[in-house]
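These protein sequences, in sequence, are chains Z and Y. Residues 982 to 1134 in my numbering are what the first sequence spells out, letter by letter. Residues 982 to 1134 in my numbering are what the second sequence spells out, letter by letter. Cβ coordinates follow ideal geometry from the N, Cα and C atoms, glycine included. Let me begin by presenting the structure, written as structure tokens, before commenting on it.
2 protein chains.
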Amino acid sequence: MTYYEDVEIGSTAELGSYTFTREEIIAFAEKFDPQPFHVDEEAAKRSHFGALCASGWHTAATWMKCLMAYQNRSNATDKPIRAAGASPGFRNMRWLKPVYAGDTITYVTEVTEKSVSRNKPEWGVVRSHNTGTNQHGELVFDFEGAVMMRRRP
Amino acid sequence: MTYYEDVEIGSTAELGSYTFTREEIIAFAEKFDPQPFHVDEEAAKRSHFGALCASGWHTAATWMKCLMAYQNRSNATDKPIRAAGASPGFRNMRWLKPVYAGDTITYVTEVTEKSVSRNKPEWGVVRSHNTGTNQHGELVFDFEGAVMMRRRP
Chain Z
982 MTYYEDVEIG STAELGSYTF TREEIIAFAE KFDPQPFHVD EEAAKRSHFG
1032 ALCASGWHTA ATWMKCLMAY QNRSNATDKP IRAAGASPGF RNMRWLKPVY
1082 AGDTITYVTE VTEKSVSRNK PEWGVVRSHN TGTNQHGELV FDFEGAVMMR
1132 RRP
Chain Y
982 MTYYEDVEIG STAELGSYTF TREEIIAFAE KFDPQPFHVD EEAAKRSHFG
1032 ALCASGWHTA ATWMKCLMAY QNRSNATDKP IRAAGASPGF RNMRWLKPVY
1082 AGDTITYVTE VTEKSVSRNK PEWGVVRSHN TGTNQHGELV FDFEGAVMMR
1132 RRP
């Protein structure tokens, strides 16, 4: 198990990459965000995006998917962050460029801040800067995340 | 069409309510956030949440779902906010309490701030405070949102 004390400020990890298919973009958007440029290729071409692109909430949820896959790839204790059950929330999520059908987004996390919980001193909060970058090297998405981690007993 | 100029700071709207079923909580989490307390009822009982609860990303995406449904319910122009195609992002998302299977969350939005885009003066940014409250009246989720809206030509 990785504890709060094991996490180092400045450590980074590439969580993984994900290719957003047309089918998945439409399936997610039909359920949660049925704006024309997320569900209809022809309407998307006529929109200011110019082509079908993923809901921002899809891009965000896929960050979580990649984090979980990253944590499950091994039991190594050298993971810079590890969600331990809860997050107090996030700050400043930005959708900087569209994620088009066929785009591959690579998610990277960097530990930026640590603090012990005031109310629950057996827990710490680890804050991180998280980015999504497309196959052209363009930053498309970022936010400041936070996860709760147990302190070493 | 509702333009940026039609939006009034302080106006509020109840976007709608959504009941999170066990099946939908598990389906979303299996895809994006397969932590035990989101996908396995027995494991959830043993976790610090005490019962199966929704991924925070599911709670957030459902806010978008309710906003879209709200906007589509009529063509009335008195809607306090209307997503016009893009969002620059959001600030300070908080997951304050778990959303358990069977919980009904009511989403409310209030317009808090307006500003004209510096780079694109034909667009304005409308900021809002958004909340999700459960059937017991407890605030479970909030964030500061932002949508782009066209200015009146």
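With respect to chain Z, the C-beta atom of Y:P1102 has no partner C-beta closer than 8 Å. In this chain, the alpha helix (DSSP H) harbouring Z:M1049 covers 1037-1053.
Z:M1130 sits away from Z:Y999, with the two beta carbons spaced by 8 Å or more. Neighbourhood of Y:A1035 in chain Z, by CB distance below 7 Å: empty, with the nearest CB roughly 12 Å away. Contact between Y:T1090 and Y:N1111 is confirmed by a C-beta separation of about 5 Å, below the 8 Å threshold. Here the region 1069-1088 of chain Z makes contact with the region 1101-1116 of chain Z; the two share three or more CB pairs at distances below 8 Å. Annotated three-state conformation of Y:I1006 is helix, per DSSP. Using a CB distance cut-off of 8 Å, Y:D1014 counts as an interface residue toward chain Z. The secondary-structure analysis by DSSP pairs Z:N1073 with nothing; it has no beta-bridge partner. Here DSSP, grouped into helix, strand and coil, assigns Y:H1110 to strand. Going by beta carbons, Y:A1024 and Y:P1015 fall outside the 8 Å limit.
Residue contact check for Z:T983 against chain Y: no CB pair falls below 8 Å. When Cβ-Cβ separations below 8 Å define contact, Y:R1075 makes contact with chain Z. Judged by DSSP in its simplified three-state form, Z:R1131 adopts strand. For Z:K1095, the enclosing beta strand (DSSP E) begins and ends at 1085-1097. Between Y:T1093 and Y:S1109 the beta-carbon gap is near 6 Å, inside 8 Å, which marks them as a contact.
Nearest in C-alpha terms to Y:Y1051, of all of Y:A1041, Y:S1068, Y:A1010, Y:A994, is Y:A994. Here the alpha carbons of Z:F1013 and Y:C1047 stand approximately 8 Å from one another.
Y:R1075 has its alpha-carbon roughly 10 Å from the corresponding atom of Z:A1127. In this structure, DSSP gives Y:D1021 a state outside helix and strand, which the three-state scheme calls coil.
Z:G997 is outside the set of residues whose beta carbon lies under 8 Å from a beta carbon in chain Y.
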